[in-house]
Ligand SMILES: Cc1cc2nc3c(=O)[nH]c(=O)nc-3n(C[C@H](O)[C@H](O)[C@H](O)COP(=O)(O)OP(=O)(O)OC[C@H]3O[C@@H](n4cnc5c(N)ncnc54)[C@H](O)[C@@H]3O)c2cc1C
Ligand code: HEC
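Chains as they are written, first to last, in the numbering used here: chain S, 1 to 145; chain B, 1001 to 1495.
In structure tokens, the structure reads:
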């Protein structure tokens, strides 16, 4: 993992420590620049690694294999372009079941900004992931599931 | 681990080692500091979850716990008759993290089959059965309040006034007008004096922010409705809604097989020698190029990141440099906490058959609430517990435990003579008296959410915050786990 992104992150950390503001927030965490090629078929491995780390926010509720196990949310295997509320073995909310769309990357991006805004009444208790770059990295990772 | 990052940090280290910081704090003699990338202080569910997640993501972590056991407010009194739960026991149906951890660590969850027996009331020196309460002359509440059982008055009225929809609405400025004391909210809404008086028995209305309690009601309702198609009200005296819909297979609430402590123990076992017990942290010095953590016993640890997974009641006692400032300092120093004290016992004979009242009871006197549980399958005695919360806990906590137990027994016998010789107490535990926790839970005071709920969890230099008081969306044990996950996430973004 010897990658420039890490160095930048360490630099950012120093800046935070020196300034003493430590205004670290989800929103403040932007990925390193130069990832505009995100739409490419083969995503940047650095972005994938970041997405995998971001999945810490989802892992308690969502299995990555096609079996939800005991997790309370649906599994996310093949989630990109999967029809909404269609995983076996999940009790979805009425609100989500009433929807009719597929989880395109655009829809996922909207969802991850604030699920309750996109589908009021959803039972996914997740406030949202501010930061477009972060969502892009996470969706890149979701694309590998 | 990134080799280059290490080099960068090393460079920084030698630089600042020259300039140096705090010679006075250097030990004259002492242990060499042990190093880790992250140090988590506090081995309750929040700290354990944080440490587990960090180590799963390859971060080298040490967890320092001041007590001689992990678990904090998850504490099963093993070895005591009836094995009381001093702290948490109910696992909600929507407790994503608790359920997932149990599954991963092979800790079994069982349906919570405990059920409360009906509750009579002793108000103004008069006994009233639950069914007679609404029309009783002792009940001087207003017409639209009379149906509420005395113990439920405060939470019942609050639920009616609760405008929150989403689990994080409490943090939105839109609802700041509700960040007032429950007393003020009730007065503004024409609540009767009689209702105010009953509502003030289990909770201190003046010291409690309505908004904070509304978040909990919203979270409780969310739990009750989770995975169900029907919405239903969920007002129960303690914790989660232990109701089951007709024909429903699963119980909404579960408990941990063998006791709640089995979960933190399994988490600690997964962390192995990364967990250090008996390490009461005294200082966190971040003025150098990393953080140095000093324990009361003189041992030292160094780390790039520190997580405070202890309540603010004890973080307050730790010397932190650079010190907290602004609203964060205000939060650490003034965030409210509340006590809960409980006594546990067994019923030797069903005293309610003698006096015709219901087994459980509420009083507006010293004894706040006595709950009697239905016999569990395979058991031949009923269990009971006496519950003191808020102001009534603060009062009973003024006595040593043995005196408190004796007083509880004599008071119960005085107001309800049929219990004499038929209730036997086995244990008592008060959370305010736990020196490393000093309360059963945080409790935002009026105005505190608007002042610092957002600021109080922002990382302070290398120090991150976890613990049930730093929750955003959750409640109870799940709030602790949620917060540990958030702190781990923050560190992963920096490490
Ligand atoms: C009576 C009671 C009933 C409850 N019932 C339920 C329930 O049914 N369901 C539910 O979901 N939740 C319930 N809860 C809430 C739940 O127990 C807590 O939210 C959760 O356990 C808190 O975890 P925590 O990690 O935030 O804090 P804690 O568990 O308090 O952990 C903090 C740890 O930090 C340690 N510590 C403190 N200071 C220092 C120091 N200076 N150095 C080193 N270590 C230190 C402490 O010893 C402690 O182990 C209940 C709580 C109580 C008290
Ligand atoms: C606290 C648990 C929880 C967390 C954390 C969580 N989810 Fe969810 N998620 C759920 C639940 C429950 C549902 C079902 C929602 C419904 O039925 O309304 C869901 C639904 C979804 C769906 C729709 C799936 C479908 O089959 O239609 C997606 C996509 C999703 N989550 C992605 C994520 C991602 C990505 C993250 C991490 C950033 C995440 N979730 C975090 C609980 C969670």
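C-beta atoms are modelled at their ideal positions from N, C-alpha and C, and glycine is treated no differently. Quick caveat, the model's predicted, so the values are computed rather than measured.
*Could you give the C-beta distance for residue 1389 of chain B and residue 1202 of chain B, rounded to a whole number, given that I count them as a contact under 8 Å?*
Here the question's residue 1389 of chain B lines up with position 389 in the second chain. Here the question's residue 1202 of chain B lines up with position 202 in the second chain. Their Cβ separation, rounded to whole angstroms, is 5 Å, which keeps residue 1389 of chain B and residue 1202 of chain B in contact under 8 Å.
*Quick one: measure Cβ to Cβ for residue 1046 of chain B and residue 1480 of chain B, integer angstroms, because I've assumed they're closer than 8 Å.*
The residue labelled residue 1046 of chain B in the question sits at position 46 within the second chain. The residue labelled residue 1480 of chain B in the question sits at position 480 within the second chain. The pair is a contact, with the Cβ atoms about 4 Å apart (cut-off 8 Å).
*In chain S, what lies closer than 8 Å to residue 1472 of chain B by C-beta?*
Counting from one through the second chain, the residue named residue 1472 of chain B turns up at place 472. Those are 127, listed as they occur along chain S.
*Under three-state DSSP, which class holds residue 141 of chain S?*
If you number the first chain from 1, residue 141 of chain S lands on position 141. It is helical.
*asked:* Short of 8 Å in beta carbon distance, which residues of its chain neighbour residue 1205 of chain B, apart from the five on each side in sequence? Order them along the chain.
replied: Here residue 1205 of chain B corresponds to residue number 205 of the second chain, with the count starting at 1. Cβ neighbours of residue 1205 of chain B beyond the five flanking positions: 1154, 1181, 1182, 1183, 1186, 1196, 1199.
*Are residue 1062 of chain B and residue 1274 of chain B closer than 8 Å when you measure CB to CB?*
As a first step, residue 1062 of chain B is located in the second chain; it is residue number 62 there, counting from the start. As a first step, residue 1274 of chain B is located in the second chain; it is residue number 274 there, counting from the start. It is a contact, given that the beta carbons lie within the stated cut-off.
*Say yes only if the C-beta of residue 1314 of chain B is nearer than 7 Å to one or more non-hydrogen atoms of ligand 1, and no if none qualify.*
In the second chain, counting from the first residue as 1, residue 1314 of chain B sits at position 314. Yes - ligand 1 has a heavy atom lying nearer than 7 Å to the Cβ of residue 1314 of chain B.
*Name, in chain order, the residues that DSSP records as bridge partners for residue 1111 of chain B.*
Mapped onto the second chain, residue 1111 of chain B falls at position 111. B:1254.
*Kindly examine ligand 2 and report whether one of its heavy atoms sits closer than 7 Å to the Cβ of residue 1102 of chain B.*
The count along the second chain starts at 1 and reaches residue 1102 of chain B at position 102. No, the beta carbon of residue 1102 of chain B sits no closer than 7 Å to any heavy atom of ligand 2.
*asked:* Let me confirm a value: residue 1355 of chain B is counted as buried when at least 16 other C-beta atoms fall within 10 Å, else exposed. Which label applies?
replied: Locating residue 1355 of chain B in the second chain gives position 355, counting from the first residue. By the neighbour-count rule (16 or more Cβ atoms within 10 Å), residue 1355 of chain B is not buried but exposed.
_Where residue 47 of chain S sits in the DSSP three-state scheme_ = Working through the first chain from its first residue, we reach residue 47 of chain S at position 47. In this structure, residue 47 of chain S counts as helix in the three-state DSSP scheme.
_Segment contact, 8 Å Cβ cut-off, at least three pairs: the stretch 1312-1330 of chain B with the stretch 1083-1090 of chain B_ = As far as the Cβ criterion goes, the stretch 1312-1330 of chain B does not touch the stretch 1083-1090 of chain B, which means the pair count is below three.
*Backbone secondary structure at residue 1220 of chain B - three-state DSSP*: What you label residue 1220 of chain B is simply residue 220 of the second chain in a count that begins at 1. DSSP places residue 1220 of chain B in helix when its eight states are reduced to three.
*Can residue 1329 of chain B and residue 1039 of chain B be called in contact, C-beta distance under 8 Å?*
Position 329 of the second chain holds residue 1329 of chain B. Position 39 of the second chain holds residue 1039 of chain B. No; because the gap between Cβ atoms is not below 8 Å, this pair is not in contact.
_Own chain partners of residue 1365 of chain B with C-beta closer than 8 Å, once the 5 adjacent residues on each side are dropped_ = By one-based count along the second chain, residue 1365 of chain B stands at place 365. 1122, 1411, 1415, listed in sequence order.
*So, helix, strand or coil for residue 1205 of chain B, using DSSP?*
Taking the first residue of the second chain as position 1, residue 1205 of chain B is located at position 205. Coil.
_Within-8 Å CB hit, residue 1501 of chain B to chain S_ = Because chain B spans 1001 through 1495 in this model, residue 1501 of chain B falls outside it and cannot be assessed.
*Determine which residues of the stretch 1198-1222 of chain B have a Cβ less than 9 Å from any Cβ of chain S, and write them out in chain order.*
1219, 1222
*Whole angstroms is fine: what's the gap from residue 1417 of chain B's alpha carbon to residue 1098 of chain B's?*
Numbered from its first residue, the second chain carries residue 1417 of chain B at position 417. Numbered from its first residue, the second chain carries residue 1098 of chain B at position 98. For residue 1417 of chain B and residue 1098 of chain B, the distance between alpha carbons rounds to 43 Å.
*Run through the stretch 1332-1402 of chain B for me and flag every whole alpha helix (DSSP H) of 4 or more residues, listed as ranges in chain order.*
1352-1355, 1390-1396
*Counting only beta-carbon atoms, is residue 1492 of chain B nearer than 8 Å to chain S?*
Here residue 1492 of chain B corresponds to residue number 492 of the second chain, with the count starting at 1. True, the Cβ-Cβ gap to chain S drops below 8 Å.
*Comparing alpha-carbon positions, which option in B:1450, B:1292, B:1484 lies nearest residue 1335 of chain B?*
As a position in the second chain, residue 1335 of chain B is number 335, starting the count at 1. Of B:1450, B:1292, B:1484, the residue nearest in Cα terms is B:1450.
*When burial is assigned at 16 or more other CB atoms within 10 Å of the CB, is residue 1254 of chain B buried or exposed?*
Sequence index remark: in the second chain, residue 1254 of chain B carries index 254 (1-based). With 16 or more other Cβ atoms within 10 Å, it is buried.
*Any idea what DSSP makes of residue 1158 of chain B, helix, strand or coil?*
Counting from one through the second chain, the residue named residue 1158 of chain B turns up at place 158. Residue 1158 of chain B falls in the helix class under three-state DSSP.
*Under 6 Å Cβ to Cβ from residue 1351 of chain B, same chain only, skipping five residues before and after it: list those, please.*
Here residue 1351 of chain B refers to the residue found at position 351 of the second chain. Excluding residues within five positions, the ones whose Cβ falls inside 6 Å are 1418, 1419, 1422.
*Taking the alpha-carbon positions, what's the residue 82 of chain S to residue 107 of chain S distance?*
By 1-based counting over the first chain, the position of residue 82 of chain S is 82. By 1-based counting over the first chain, the position of residue 107 of chain S is 107. Roughly 11 Å between the two C-alpha positions.
*Sub-8 Å separation of residue 1369 of chain B and residue 1429 of chain B beta-carbons*: Stepping through the second chain from its first residue, residue 1369 of chain B is reached at position 369. Stepping through the second chain from its first residue, residue 1429 of chain B is reached at position 429. Cβ atoms of residue 1369 of chain B and residue 1429 of chain B: not closer than 8 Å.
*From the DSSP output, read off the bridge partner residues of residue 1197 of chain B.*
The residue labelled residue 1197 of chain B in the question sits at position 197 within the second chain. Answer is none; residue 1197 of chain B lacks a bridge partner.
_Nearest candidate by alpha-carbon position, reference residue 1375 of chain B, set B:1214, B:1209, B:1113, B:1065_ = Your numbering for residue 1375 of chain B matches position 375 in the second chain. Selected option, being the one with the closest Cα: B:1113.
*Beta-carbon proximity check, residue 1037 of chain B vs residue 1495 of chain B, cutoff 8 Å*: Sequence index remark: in the second chain, residue 1037 of chain B carries index 37 (1-based). Sequence index remark: in the second chain, residue 1495 of chain B carries index 495 (1-based). For residue 1037 of chain B and residue 1495 of chain B, yes; Cβs fall inside 8 Å.
*asked:* Quick check: does the Cβ of residue 118 of chain S come within less than 7 Å of any heavy atom belonging to ligand 2?
replied: For the purposes of this step, residue 118 of chain S is taken as the residue at position 118 of the first chain. No; taking the cut-off as 7 Å, the Cβ of residue 118 of chain S has no heavy atom of ligand 2 nearer than that.
*At least one CB of chain B closer than 8 Å to the CB of residue 155 of chain S: is that the case?*
This structure cannot speak to residue 155 of chain S, because chain S is shown only from 1 to 145.
*Verify the CB distance criterion: does residue 123 of chain S have a CB-CB separation below 8 Å to chain B?*
Position 123 of the first chain, counted from the start, is the residue given in the question as residue 123 of chain S. Closer than 8 Å to some Cβ of chain B, the Cβ of residue 123 of chain S qualifies, so yes.
*Going along chain B, which residues have a C-beta under 7 Å from residue 116 of chain S?*
Position 116 of the first chain, counted from the start, is the residue given in the question as residue 116 of chain S. Correct list: 1166.
_Between the alpha carbons of residue 1217 of chain B and residue 1167 of chain B, how many angstroms are there, rounded?_
Here residue 1217 of chain B refers to the residue found at position 217 when the second chain is read from its first residue. Here residue 1167 of chain B refers to the residue found at position 167 when the second chain is read from its first residue. Those two C-alpha atoms are separated by around 10 Å.
_Assuming contact is defined by CB atoms lying nearer than 8 Å, are residue 48 of chain S and residue 141 of chain S in contact in what I supplied?_
Within the first chain, numbered from 1, the residue matching residue 48 of chain S stands at position 48. Within the first chain, numbered from 1, the residue matching residue 141 of chain S stands at position 141. In this structure, residue 48 of chain S sits near residue 141 of chain S, with a CB-CB distance shorter than 8 Å.
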